Structure formats: C-alpha cells, structure tokens
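Asker: First residue of the sequence shown? That's 1 in mature numbering (1 follows the signal peptide of the UniProt record, and there is no 0), and the numbers climb one at a time after it.
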Amino acid sequence: EDGYDLWLRYHPLSAAQKADLPSSVYAEEGDATLRVAADEVTRALAAIRGEPVVRTSGAAPRAILLGTANTPRVAALKLPLASLGEEGYLLRTATVHGQPTTVIAANRPVGVLYGAFALIRRMQLGQPLSGLDIVDRPRVKLRILNHWDNLDRSVERGYSGQSIWDWWRLPDAKDPRYIDYARANASVGINGTVLNNVNAKAESLTAPYLAKAAAVADMLRPYGIKVYLSARFSAPIELGGLKTADPLDPAVRAWWKAKADEIYRTIPDFGGFLVKANSEGQPGPRDYHRTHADGANALAAAVAPHGGIVMWRAFVYAETDPEDRAKQAYTEFKPVDGKFADNVLVQVKNGAIDFQPREPFHPLFGAMPKTPMMVEFQITKEYLGFSTHLVYLGSLFAETLNADTFAKGRGSTVAKVVDGSLDGHRLSGIAGVANIGNDRNWSGSVFDQANWYAFGRFAWNPGADPQAIAAEWAGLTFTPDPAFVRPVTQMMMRSRQAAVDYMTPLGLAHLMATGHHYGPGPWVSDLSRPEWNPTYYHRAGADGIGFDRTRTGSNAVAQYAAPVARRFADPDKTGEDLLLWFHHLSWDRRMADGSTLWDTLVRRYDRGVASVDAMRGQWDALRPFVGSERWQHTASFLGVQAREARWWRDASIAYFQSVSRRPLPPGTAAPPHTLDWYKAQSFPFAPGN
Ligand code: BDP
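(1) For Leu-527, collect the residues of the same chain with a Cβ closer than 6 Å to its Cβ; drop the 5 residues on either side in sequence, then sort them by chain order.
(2) The alpha helix (DSSP H) spanning Asp-136 covers which residue range?
(3) Which whole runs of the alpha helix (DSSP H) in the stretch 529-591 are 4 residues long or more, in chain order?
(4) On the criterion of 16 or more Cβ atoms from any shown chain inside 10 Å, does Gly-627 qualify as buried, or is it exposed?
(5) Does DSSP classify Met-374 as helix, strand or coil?
(6) Kindly indicate which three-state DSSP category Tyr-223 falls into: helix, strand or coil?
(7) Check whether the Cβ atoms of Val-112 and Ile-120 lie closer than 9 Å to each other.
(8) Quick one: give me the first and last residue of the beta strand (DSSP E) that Gly-192 is part of.
(9) Using only the alpha-carbon positions, how far apart do Ser-163 and Lys-212 sit?
(10) Work out the CA separation of Leu-506 and Leu-578 for me, nearest whole Å.
(11) Suppose you measure from the CA of Arg-649 to the CA of Ala-32; what does that come to, to the nearest Å?
(12) In this structure, how does DSSP classify Thr-48 when only helix, strand and coil are distinguished?
(13) Tell me which same chain residues have a C-beta within less than 6 Å of the C-beta of Arg-646, skipping the five on either side of it?
(14) When the Cα of Trp-587 is compared with those of Ser-660, Ala-569 and Ser-14, which residue comes out closest?
(15) Beta-carbon separation of Ala-300 and Val-316 under 9 Å?
(16) Is any non-hydrogen atom of the ligand BDP found closer than 8 Å to the C-beta of Asn-199, if you look at the structure I gave you?
(17) Counting along the chain, where does the alpha helix (DSSP H) carrying Gln-449 start and finish?
(18) Check whether the Cβ atoms of Tyr-114 and Leu-65 sit closer than 9 Å, and answer yes or no.
(19) Where does Lys-349 fall in DSSP's three states?
(20) Check whether the Cβ atoms of Val-275 and Ser-230 lie closer than 9 Å to each other.
(21) Over what stretch of residues does the beta strand (DSSP E) that includes Ala-94 continue unbroken?
(22) Hey, quick one: how far does the alpha helix (DSSP H) through Gln-124 stretch, first residue to last?
(23) My output table needs one value for Gln-162: the three-state DSSP class, helix, strand or coil.
(24) Taking 8 Å as the cut-off, is the beta-carbon of Phe-625 closer than that to any non-hydrogen atom of the ligand BDP?
(25) Give the range of the alpha helix (DSSP H) segment to which Gln-618 is assigned.
(26) Inspect the beta-carbon positions of Pro-466 and Ala-474 and report whether they are closer than 9 Å.
(27) Got a sec: does the ligand BDP put a non-hydrogen atom nearer than 8 Å to the Cβ of Ser-204?
(28) Determine the DSSP secondary structure at Pro-208, reduced to helix, strand or coil.
(29) Among Trp-312, Pro-360, Gln-356 and Asp-354, which has the Cα closest to the Cα of Asp-337?
(30) For Pro-530 and His-510, I'd like the C-alpha separation in whole angstroms.
(31) Considering Pro-80, what are the terminal residues of the alpha helix (DSSP H) in which it resides?
(32) Give a single yes or no on whether Trp-312 has its beta carbon closer than 8 Å to a heavy atom of the ligand BDP.
(33) Would you mind sorting Trp-243 into buried or exposed? The rule is 16 or more other CB atoms within 10 Å of its CB.
(34) Would you identify the three-state DSSP class for Leu-8, choosing helix, strand or coil?
(35) Terminal residues of the continuous beta strand (DSSP E) containing Tyr-26?
(36) For His-517, is the beta carbon positioned less than 8 Å from some heavy atom of the ligand BDP?
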C-alpha cells in the first residue's frame with residue numbers, strides 16, 4: 001500500500017468484529033448524490049466484510065437503508081429530520097418490515113452522503129451499529145479548500161508534487177483521480193474548493209479556463225462540492241481592455257457583472273470568488289484609493305444575483321509601514337466593519353503574521369462583529385517542515401479555535417466568531433490551504449494526510465477534539481487496534497510542540513531561511529523589506545530578545561479586547577508559549593521555575609530534538625502494525641526530521657549565543673560547527689526557491 005487510499009482504505013475486519021455488520025444496501029437511486037452514497041457504502045461494506053454485498057430494492061434482512069424525506073421508505077419512518085438542516089444526517093437503528101435496519105436519513109441527498117461516510121467510519125473502526133441514534137450537522141456553512149495551484153501546474157508552497165488539476169488536458173480528459181479527491185473531501189464534509197492560487201492570473205477567468213473549471217465542477221457536484229475561483233482584481237484591465245479596475249467605476253462593475261453572468265452560464269452552481277488584494281504585489285482597490293469593502297462589494301454585486309459569495313482576504317501588509325506587520329490587517333479592516341455587502345466574508349489567517357509554528361490568534365477575530373469572518377489555516381506546512389517533518393496540525397487548529405477573544409465577554413471563542421454564532425451571521429466559513437498534489441500519496445507523506453483529514457473534521461465542528469480526530473484518522477488509515485492507535489495518537493499530539501521547540505520556541509516567529517522557508521535563518525537581516533527579515537521579528541541584542549508589542553513598543557496588544565490585552569501586556573501572565581511574541585526581555589530574566597530566559601531558550605531547543613528522537617523510537621515499535629511501504633516512508637522522513645531538528649537547534653543556538661554572549665546551561669551540548677558554517681548551508685534545490 002502506497003497511501004493512495006488515504007483514510008478510505010476499507011480493509012477487512014476480523015470475523016468477530018464483522019459478525020454483526022449489515023449485508024445488504026437499499027437505496028432509491030434517481031439522484032446522483034444518493035447513488036454515490038449508496039455506492040460508497042456498498043464498496044466499504046463489501047471490503048470490510050470481505051464478501052459481496054446485496055443491493056436490494058425490497059425488504060432485506062440486516063440492510064442499510066439510505067434516503068431523504070422524499071424516499072418513501074424513509075418517509076414512512078417519520079424520523080425527526082427537521083433539525084438536521086441542509087447538510088445534517090441521522091443514523092438510526094430501526095425496524096423496517098419486521099427487519100432490523102440501519103437507517104441513514106437526511107433532508108437532502110448531500111446529508112445522506114455525509115451520513116454514509118459517518119457510518120462507514122463506525123464500521124471500519126469496529127464500533128457497534130446496534131441501537132444507533134446519532135444526529136449530526138455541520139456548524140460551519142462553507143468548508144473550503146484553497147488550492148494555491150498555478151495554471152502551469154506548479155503549486156505555491158506545495159510539497160507533494162504538481163497540481164492535481166491538469167489544465168492542459170482539461171476539459172476533455174477527466175482524470176478519474178478527481179473522483180477520489182471528491183470522495184476524500186466529502187468523507188470529511190468539505191463542500192467547496194478554490195481551484196487556483198490566490199496570486200491569481202487573469203487567464204483563469206477566460207472562456208477556455210472556465211470550460212476546464214466546469215469539467216471539474218461536473219465531477220465534484222455529486223459529492224456536494226462547489227467550485228470557486230481566485231480572481232485577479234485587475235482582470236477588467238487585463239481581459240477587458242479597460243483603463244482601470246477602480247471598483248466604483250461603472251464600466252468596471254459592468255465588466256464584473258458580465259463576467260459573473262458568463263461564469264454562471266458555464267458553471268450554474270459556481271460558488272464565488274476568493275480575492276487577495278493589495279498584498280505582496282497583488283492589485284487591489286487601494287490602488288484607486290478605495291477601501292477593501294469597495295473592492296469586495298464590486299465583485300459581490302456581480303455574483304449576488306446568482307447566489308454567489310466573495311471571500312476577501314485580510315492578509316495585507318503595506319510596504320510603507322515597517323512599524324509592526326502584526327498590526328496592519330486590523331488597522332486596514334477594522335474601520336470597514338459594517339461596510340461589506342451581505343454576501344462577502346472576510347478571510348483571516350489564524351494568526352496576525354503568517355502561518356508560523358505558533359502565533360496568538362489574529363486580533364481581527366471578534367473585532368468585526370458586523371462581518372462574517374472566516375479563518376484560514378494552512379494545511380500545507382510552509383513553515384512547519386514541508387511534508388518531510390511529521391507535525392500534526394489538529395492541535396494547532398484547536399489552539400486557535402479555542403482561543404477566547406473576550407469580544408462579548410468570557411467564552412467568545414474564535415470558533416464562535418467563525419461559526420457565526422457569536423454575532424448571529426447567516427454565512428460562516430473555514431478555509432484551509434490545501435496540501436494536495438499529484439504525489440501517489442496525495443499529501444507528500446502519510447502523516448500529512450492527517451492534516452487534510454483534521455482540517456475537514458474541524459471545519460465541520462470547530463469544537464472538535466484534536467486527539468479524538470487523530471485517533472480516528474489513525475484507526476482508519478492503519479488499524480483500529482488500540483495497541484497501535486494509542487501510541488501513534490500520543491506521538492501526533494506531541495509533534496506540533498516538538499516543531500515549535502526546535503524551530504521557534506517561547507513565542508519566537510519567522511526565523512526561517514529566505515525564500516523557500518525551510519531550515520533556520522535567524523541571522524538574516526539584509527532583505528529589502530524590514531518585515532521580511534528574521535532579525536525584525538526576534539530583535540535579539542546584547543540586552544535581550546523578543547518583540548515588544550506592549551505600550552512601550554508597537555502596542556499591538558491594544559488590538560485585542562481588554563482582558564486579552566491585559567494578559568498579553570504582562571510578561572508574567574502572557575505564558576511561556578507567546579512570551580517573546582509580545583515582550584522584549586533580558587536574557588537573564590527569571591522564568592517561573594527560576595531558570596534564566598537564556599537557559600530556558602536553550603533547553604526548549606533540546607526538548608524539541610528529544611521529542612523527535614522519541615517519535616522515531618515510537619515509530620520503530622509500531623512496525624508490526626503498518627504495511628512496509630508506508631512504514632518505511634515514514635521512518636525515512638522521521639530520520640530527516642531528527643537530523644534537521646538538530647540543525648535548527650544548533651544553528652539557532654550558535655546564532656543566539658553570538659548575541660547573548662552567555663554560556664550554555666550545564667549539561668547542554670555546544671553546536672558542533674561555527675555560526676559561519678550554519679550560515680553557509682543551502683540547498684541545491686528547495687520547493688519555493
Ligand atoms: C505566504 C506565502 C506566500 C503566499 C502568501 C499568501 O509565503 O507564498 O502567497 O502567504 O497567503 O505565507 O497570500
């Protein structure tokens with residue numbers, strides 16, 4: 001097994017485990033989505049039981065019955081479907097024609113599909129089906145992957161091969177892999193996908209590319225997945241020949257309207273646009289002295305008659321204001337709260353800077369109550385060791401979603417901002433920058449598949465438990481045997497803190513090498529923009545280390561609600577995890593346990609290295625549970641990670657010691673090379689170079 005089957009492996013259970021499983025499937029198959037739901041259950045059940053499954057159109061013993069309220073046999077059961085909404089489902093054990101039957105029911109076919117995958121999970125994990133009575137529905141409306149895929153099939157920050165979208169061969173050649181992509185996404189409730197990079201080319205909106213996108217949309221539709229496109233703000237100039245892209249210019253608005261009409265003629269259920277504007281060189285409304293709301297509303301007006309939406313990114317940082325990059329999105333967006341059309345969502349990265357191993361939650365969460373706010377996570381691990389380092393992101397997602405903004409008092413979590421419940425929004429959404437490519441194993445490594453899986457499960461339920469999700473994924477991907485699941489889950493749960501420790505401990509951030517962002521570069525200080533340099537972020541000098549974001553510094557803490565601001569303003573209350581994000585402190589400062597900041601910093605690097613060594617040991621012990629190809633692949637990557645964790649540790653300590661001029665704490669090893677040696681390290685090639 002090479003990992004292609006993801007968590008949908010459908011492998012046989014032991015005789016005892018499968019004894020009570022159903023043996024037939026009943027569904028009415030007029031609807032394409034109901035048909036794929038029935039096919040999937042049949043396929044899974046046959047594989048898990050290891051024998052053929054009967055598809056029936058009448059009463060059968062031990063059947064699975066799938067359907068909506070419009071399916072007569074389901075309707076006859078008079079199930080309480082009202083509370084399920086558009087996408088929820090109900091799993092229940094019922095008696096149909098005197099036969100014990102497992103029922104999957106929903107208001108709409110897509111709910112049945114989600115219920116089918118939930119039932120498959122239970123079956124595959126060997127959980128009992130008797131006495132089932134489960135109701136579930138997604139808390140978030142738009143659960144969307146963002147592909148940073150270019151039209152030439154390169155993938156920005158992609159570490160798993162080329163884009164799966166074969167633009168050259170589309171629309172005629174429809175790669176069957178798109179169906180497996182759709183199955184995987186539907187199985188975790190993902191219901192939308194943005195096909196192209198936020199650094200968008202206008203060409204993606206031309207007729208030939210729309211025809212290609214339409215072919216993909218046709219394949220994804222039965223799986224409840226809508227297609228969206230990243231739009232380049234200056235497309236009216238580039239494609240329409242206009243002199244301006246000013247969002248208030250009537251000709252520009254007419255161009256977008258005509259373009260939207262054309263798109264909806266091609267893709268009738270097109271989801272809408274994602275826009276990166278006035279960020280890192282992308283054009284945007286500020287080029288015309290208009291606000292982000294003016295820009296978003298122009299596109300929103302074009303798609304509104306068709307039911308489309310606009311996701312407008314808040315990832316902006318002006319080239320002119322070097323004071324504190326962490327503050328800039330709030331400064332630009334907070335004043336326009338309430339100015340966005342009601343089919344616009346503002347999409348905000350989880351932290352204020354850029355997908356670092358650890359960041360505090362973005363101050364815009366809770367600060368724009370009149371605007372639906374999406375959170376954007378990065379599933380692809382640009383700053384977390386690409387696809388070679390094993391880092392489970394479920395704990396990172398949970399850390400952001402559980403953070404309390406205090407916007408409306410205690411309990412105003414980011415999750416409640418994002419699911420719309422805090423401020424009563426009709427629209428809500430979560431976006432994840434995809435880690436999917438054309439590698440056989442989709443994500444570059446088997447354990448990176450867990451991050452795709454966890455993203456979907458958190459988008460469905462932002463209150464989910466990362467540990468439970470890790471266990472579920474491991475059980476499905478390898479084996480549900482607790483002797484495997486328990487240690488592997490523990491390993492996954494520790495992995496993100498390990499990476500934080502060996503890359504950016506104690507709230508440090510953005511210390512990586514230039515361009516590709518792989519490996520350490522804390523010394524880098526010669527890039528043209530101040531906020532591109534690691535030295536801008538750590539501010540280490542003879543006096544100490546860290547970025548002062550309190551009143552004596554950039555005062556970024558003031559962008560948070562008062563209770564949060566008070567906590568972050570006080571180094572004794574901030575907590576070790578975010579300490580140097582908010583404070584510039586003396587190397588000799590005493591930490592809670594009495595050690596100095598310098599000694600603690602060195603020990604965190606050591607702890608990170610030790611955690612990776614422990615992960616290697618655990619994986620060795622798990623060899624009997626895992627097929628050889630997937631075991632070997634993971635073992636070799638853990639070897640890379642162990643070597644590179646040391647590299648991060650040694651290079652960082654060599655550099656920081658050259659600044660702190662403090663001795664290493666007793667019992668810690670000196671870096672084996674000089675600082676100059678670490679500075680001279682580079683790659684012959686690294687993705688993103
Ligand atoms: C940064 C990436 C860059 C992206 C940008 C974004 O380095 O490649 O284009 O984010 O999110 O993290 O737009």
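Don't be surprised by glycine CBs; every beta carbon is placed ideally from N, CA and C. A quick note: this is a predicted structure, and the numbers were derived from the prediction, not measured.
Answerer: Based on what the coordinates show:
(1) For this step, residue 527 is matched to residue 527 along the sequence shown. Leaving aside the five residues that flank Leu-527 on each side, the residues in its chain whose CB is nearer than 6 Å to its CB run, in chain order, Asn-533.
(2) In the sequence shown, residue 136 corresponds to position 136, counting from 1. Here Asp-136 belongs to no alpha helix (DSSP H); instead the beta strand (DSSP E) covers 133-136.
(3) Counting only runs of 4 or more, we get 534-538, 562-569, 571-574 and 579-582.
(4) Taking the sequence shown and counting its residues from 1, one reaches residue 627 at position 627. Exposed: under 16 other Cβ atoms inside 10 Å.
(5) Position 374 of the sequence shown holds residue 374. Look at Met-374 here: in three-state DSSP terms it is strand.
(6) What you label residue 223 is simply residue 223 of the sequence shown in a count that begins at 1. Three-state result, Tyr-223: helix.
(7) Walking along the sequence shown from the start, residue 112 turns up at place 112. Walking along the sequence shown from the start, residue 120 turns up at place 120. With contacts defined as CB atoms closer than 9 Å, Val-112 and Ile-120 fail to qualify as a contacting pair.
(8) Taking the first residue of the sequence shown as 1, we reach residue 192 at position 192. 192-194 is the extent of the beta strand (DSSP E) around Gly-192.
(9) Residue mapping note: residue 163 aligns to position 163 of the sequence shown, counting from 1. Residue mapping note: residue 212 aligns to position 212 of the sequence shown, counting from 1. Approximately 14 Å between the Cα atoms of the pair.
(10) If you number the sequence shown from 1, residue 578 lands on position 578. If you number the sequence shown from 1, residue 506 lands on position 506. Cα atoms of Leu-578 and Leu-506: separation of roughly 6 Å, rounded to the nearest angstrom.
(11) For the purposes of this step, residue 649 is identified with residue 649 of the sequence shown, where counting begins at 1. For the purposes of this step, residue 32 is identified with residue 32 of the sequence shown, where counting begins at 1. Approximately 54 Å between the Cα atoms of the pair.
(12) By one-based count along the sequence shown, residue 48 stands at place 48. Note that residue 48 corresponds to Ile in the displayed sequence, not to Thr. Under the three-state reduction of DSSP output, Ile-48 falls in the helix class.
(13) Locating residue 646 in the sequence shown gives position 646, where the first residue counts as 1. Scanning its chain for C-beta atoms nearer than 6 Å, with the 5 sequence neighbours on each side dropped, one finds around Arg-646 the residues Val-609, in chain order.
(14) As a working note, residue 587 is residue 587 in the sequence shown. Considering only alpha carbons, the answer is Ser-660.
(15) For the purposes of this step, residue 300 is taken as the residue at position 300 of the sequence shown. For the purposes of this step, residue 316 is taken as the residue at position 316 of the sequence shown. Contact: no.
(16) Position 199 of the sequence shown, counted from the start, is the residue given in the question as residue 199. At least one heavy atom of the ligand BDP is nearer than 8 Å to the Cβ of Asn-199, so yes.
(17) Numbered from its first residue, the sequence shown carries residue 449 at position 449. If you look at Gln-449, you'll find it in the alpha helix (DSSP H) that goes 446-460.
(18) For this step, residue 114 is matched to residue 114 along the sequence shown. For this step, residue 65 is matched to residue 65 along the sequence shown. The answer is no: Cβ separation not under 9 Å.
(19) Residue 349 sits at position 349 when you count from the first residue of the sequence shown. The answer is strand: DSSP assigns Lys-349 an E or B state.
(20) As a position in the sequence shown, residue 275 is number 275, starting the count at 1. As a position in the sequence shown, residue 230 is number 230, starting the count at 1. When the beta-carbon positions are compared, Val-275 and Ser-230 come within less than 9 Å of each other.
(21) Locating residue 94 in the sequence shown gives position 94, counting from the first residue. Here the beta strand (DSSP E) through Ala-94 covers 89-96.
(22) For the purposes of this step, residue 124 is identified with residue 124 of the sequence shown, where counting begins at 1. The continuous alpha helix (DSSP H) containing Gln-124 extends over residues 109-124.
(23) As a working note, residue 162 is residue 162 in the sequence shown. Collapsing the DSSP output to three states places Gln-162 in coil.
(24) Stepping through the sequence shown from its first residue, residue 625 is reached at position 625. No, since every heavy atom of the ligand BDP falls outside the 8 Å radius drawn around the Cβ of Phe-625.
(25) The residue given as residue 618 occupies position 618 in the sequence shown. 597-621 is the span of the alpha helix (DSSP H), which, as asked, contains Gln-618.
(26) The residue you call residue 466 lines up with position 466 of the sequence shown. The residue you call residue 474 lines up with position 474 of the sequence shown. Contact: no.
(27) For the purposes of this step, residue 204 is taken as the residue at position 204 of the sequence shown. Not so, every heavy atom of the ligand BDP lies at least 8 Å from the Cβ.
(28) If you number the sequence shown from 1, residue 208 lands on position 208. In the structure shown, Pro-208 sits in a helix (DSSP, three-state: H, G or I).
(29) Counting from 1 along the sequence shown, the entry for residue 337 is found at position 337. Closest option to Asp-337, Cα to Cα, is Trp-312.
(30) As a position in the sequence shown, residue 530 is number 530, starting the count at 1. As a position in the sequence shown, residue 510 is number 510, starting the count at 1. For Pro-530 and His-510, the gap between their C-alpha atoms comes out near 12 Å.
(31) Within the sequence shown, the letter at position 80 stands for residue 80. In the DSSP annotation of this structure, Pro-80 is not part of any alpha helix (DSSP H), being labelled neither H nor E.
(32) Here residue 312 refers to the residue found at position 312 when the sequence shown is read from its first residue. The nearest non-hydrogen atom of the ligand BDP is 8 Å or more from the C-beta of Trp-312.
(33) The residue you call residue 243 lines up with position 243 of the sequence shown. The sequence given here has Lys at residue 243, not Trp. Around the C-beta of Lys-243, fewer than 16 other C-beta atoms lie within 10 Å, and the residue is accordingly described as exposed.
(34) In the sequence shown, counting from the first residue as 1, residue 8 sits at position 8. Coil at Leu-8, not helix or strand.
(35) In the sequence shown, the residue the question calls residue 26 occupies position 26. Taken as a continuous stretch (DSSP letters only), the beta strand (DSSP E) holding Tyr-26 covers 24-27.
(36) Here residue 517 is taken as the residue at index 517 of the sequence shown, counted from 1. Answer for His-517: yes, Cβ within range of the ligand BDP.
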